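Undergrad: A single structure is presented below for examination.
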């Protein structure tokens with residue numbers, strides 16, 4: 221009985237080994253068949269790649285289509301961004317047109333009716349659009365430089381006998397024809413600075429005596445600057461958002477500035493007022509050590525874009541008081557003579573080398 225069991229076990233083991241060998245051979249045969257199939261497919265692929273039904277093989281066409289798809293995808297993304305950007309600009313311009321049409325921004329004319337070209341509205345849009353608006357406003361100022369100076373003509377630079385080198389400040393204050401309570405002013409002045417043209421331009425650009433030391437300067441580029449400053453008197457606050465620009469030539473430098481009456485990104489509070497102004501400062505080379513400065517400034521009294529003119533009693537002026545226009549003339553001329561003194565002193569001190577002339581931002 222024991223011999224029979226041993227024989228069965230031996231037979232089972234033998235059968236297991238045989239089945240295992242058969243399975244291994246079957247897998248080897250299947251693997252070899254797959255290898256042959258892979259080799260055949262690879263050979264077919266090589267032949268297909270070499271085969272051309274046109275000028276290019278299908279592989280070259282596939283690569284070209286892939287590259288073109290990537291390029292088109294990039295172009296679509298770029299176009300989508302441009303569309304979104306232009307849509308935002310269009311929406312901003314729409315707001316600007318509607319606001320100007322409904323309530324024109326108070327500006328100062330150069331002798332003709334104000335148009336949309338004289339707007340001083342900055343929209344709360346993207347940085348690129350705001351910079352473009354700033355450059356456009358300054359371009360309008362530069363275009364009108366000679367026209368502005370013609371309002372207060374001065375003798376030719378090379379006519380010293382006619383007073384071309386004489387320091388002078390004159391102000392004109394008048395009430396608006398349509399609104400006697402709306403008073404505007406124009407000031408023109410001339411002085412000679414004891415320094416060269418480039419230095420004089422840099423003095424005026426980087427160390428402008430008219431700017432408060434606490435002002436916030438934003439240099440858009442080398443020749444465009446946006447300044448925000450403010451001064452308080454009790455509960456009343458006077459705020460200035462002023463755009464500055466300059467153009468430099470070999471013998472002349474033109475500095476212009478214009479107050480931004482309404483900036484959507486920096487709206488005025490209820491207790492804040494602003495002063496609409498336009499300024500042209502023209503520096504002309506006399507020689508390497510002297511420069512003549514001519515300027516014309518125009519302005520309105522403090523106002524608010526939504527609430528109109530500020531009561532002059534806020535600023536110690538009463539428009540109903542007799543002689544108030546004369547008082548304003550004296551006040552404006554006194555202020556500009558102080559500007560002359562500060563600018564000339566800056567030039568003299570700088571020539572002695574005792575102080576840094578300007579501070580590059």
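In my numbering, the protein residues as written are 221 to 581.
Ideal placement from N, C-alpha and C gives every residue a C-beta, glycine not left out.
Small disclaimer: the values here were computed from a predicted structure and weren't measured.
Strictly by DSSP, which residues pair up with residue 493?
TA: Residue 493 pairs with 458.
Undergrad: Smallest Cα separation from residue 306: which of 282, 289, 349 and 316?
TA: Checked all of 282, 289, 349 and 316; the closest Cα to residue 306 is 349.
Undergrad: Tell me whether residue 387 sits in a helix, a strand or coil according to DSSP, three-state version.
TA: Of the three classes helix, strand and coil, the one that applies to residue 387 here is coil, per DSSP.
Undergrad: Could you tell me if residue 552 is buried or exposed, where buried requires 16 or more neighbouring beta carbons within 10 angstroms of its beta carbon?
TA: Label assigned to residue 552: buried.
Undergrad: Taking the continuous alpha helix (DSSP H) assigned at residue 360, which residues delimit it?
TA: Element bounds for residue 360: 347-363.
Undergrad: Short check: CB of residue 466 to CB of residue 425, under 8 Å?
TA: It is a contact, given that the beta carbons lie within the stated cut-off.
Undergrad: Would you kindly work out how many angstroms separate the C-alpha atoms of residue 511 and residue 505, rounded to a whole number?
TA: One C-alpha to the other measures close to 5 Å.
Undergrad: Check this for me: beta carbons of residue 403 and residue 478, under 8 Å apart or not?
TA: Not a contact, by the Cβ cut-off of 8 Å.
Undergrad: Find the nearest neighbour of residue 370 within the set 359, 351 and 406, judged by alpha-carbon distance.
TA: Checked all of 359, 351 and 406; the closest Cα to residue 370 is 406.
Undergrad: Does residue 567 come out as helix, strand or coil in the three-state DSSP assignment?
TA: Correct three-state label for residue 567: helix.
Undergrad: Check whether the Cβ of residue 461 lies closer than 8 Å to any Cβ atom in chain C.
TA: Here there is only one protein chain, and chain C is not present.
Undergrad: Could you please give the first and the last residue of the uninterrupted beta strand (DSSP E) stretch that includes residue 441?
TA: It spans 436-441 - the beta strand (DSSP E) in which residue 441 sits, taken as one unbroken run.
Undergrad: Output the distance between the C-alpha atoms of residue 524 and residue 443, rounded to the nearest integer angstrom.
TA: Each residue's Cα considered, the two are about 29 Å apart.
Undergrad: Under the rule that 16 or more other beta-carbon atoms within 10 Å means buried, what is residue 464, buried or exposed?
TA: Answer is buried; the Cβ neighbour count reaches 16.
Undergrad: On the DSSP bridge list, what partners appear for residue 453?
TA: Answer is 456.
Undergrad: In chain order, what residues of the same chain have a beta carbon less than 8 Å from the beta carbon of residue 175, not counting five sequence neighbours either side?
TA: No information on residue 175 is available, as it lies outside the stretch 221 to 581 that the chain covers here.
Undergrad: Contact check, residue 509 vs residue 389 under 8 Å by CB: the rounded distance?
TA: Their Cβ separation, rounded to whole angstroms, is 23 Å, which puts residue 509 and residue 389 out of contact at 8 Å.
Undergrad: Return the chain-ordered list of same chain residues with a C-beta closer than 6 Å to the C-beta of residue 387, the five sequence neighbours on each side being excluded.
TA: These residues qualify, in order along the chain: 411.
Undergrad: Need the endpoints of the beta strand (DSSP E) that residue 473 sits in, please.
TA: Unbroken beta strand (DSSP E) run through residue 473: 472-479.
Undergrad: What do you reckon, are the CB atoms on residue 408 and residue 516 nearer than 8 Å?
TA: Contact: yes.
Undergrad: Where does residue 430 sit, in a helix, a strand or coil, going by DSSP?
TA: In the structure shown, residue 430 sits in coil (DSSP, three-state: anything other than H, G, I, E or B).
Undergrad: Taking 6 Å as the limit between beta carbons, can you name the residues of its chain near residue 435, skipping five residues before and five after?
TA: 447 and 449.
Undergrad: In three-state DSSP terms, what is residue 277?
TA: Residue 277 falls in the coil class under three-state DSSP.
Undergrad: Given that a residue counts as buried once 16 or more other Cβ atoms are within 10 Å of its Cβ, and exposed if not, what is residue 475?
TA: By the neighbour-count rule (16 or more Cβ atoms within 10 Å), residue 475 is buried.
Undergrad: What distance in whole Å lies between the Cβ atoms of residue 269 and residue 279, which are believed to be in contact at a cut-off of 8 Å?
TA: Yes, they are in contact, since the Cβ atoms of residue 279 and residue 269 sit about 5 Å apart, within 8 Å.
Undergrad: Hey, how far is the Cα of residue 352 from the Cα of residue 547?
TA: Their Cα atoms are separated by approximately 40 Å.
Undergrad: Let me confirm a value: residue 430 is counted as buried when at least 16 other C-beta atoms fall within 10 Å, else exposed. Which label applies?
TA: Buried, because 16 or more other Cβ atoms sit within 10 Å of the Cβ of residue 430.
Undergrad: Quick one, are the C-beta atoms of residue 417 and residue 289 less than 8 Å apart?
TA: Taking 8 Å as the Cβ cut-off, residue 417 and residue 289 do not qualify as a contacting pair.
Undergrad: So which of 346, 283, 300 and 256 has the shortest CA-CA distance to residue 308?
TA: It is 346 whose Cα lies nearest to the Cα of residue 308.
Undergrad: Enumerate in chain order the residues of its own chain whose CB-to-CB distance from residue 232 is below 6 Å, with the five nearest sequence positions on each side excluded.
TA: For residue 232, where only same-chain residues beyond five positions count, there are no Cβ hits under 6 Å.
Undergrad: Can you say whether residue 451 is buried or exposed, counting buried as having 16 or more other CB atoms within 10 angstroms of its CB?
TA: Burial call: exposed.
Undergrad: My output table needs one value for residue 310: the three-state DSSP class, helix, strand or coil.
TA: Of the three classes helix, strand and coil, the one that applies to residue 310 here is helix, per DSSP.
Undergrad: Since I believe residue 568 is in contact with residue 414 (beta carbons under 8 Å), could you give me their beta-carbon distance rounded to a whole number of angstroms?
TA: Yes, they are in contact, since the Cβ atoms of residue 414 and residue 568 sit about 6 Å apart, within 8 Å.
Undergrad: Could you spell out where the beta strand (DSSP E) holding residue 519 opens and where it closes?
TA: Per DSSP, residue 519 belongs to the beta strand (DSSP E) from 510-519.
Undergrad: Taking DSSP's pairing of strands, which residues face residue 405 in a bridge?
TA: 393 and 519, per the DSSP bridge assignment.
Undergrad: Among residues of its own chain, excluding the 5 on either side of residue 445, which ones have a beta-carbon nearer than 8 Å to its beta-carbon?
TA: Closer than 8 Å at Cβ, skipping near neighbours: 425, 437, 438, 439, 463, 464 and 465.
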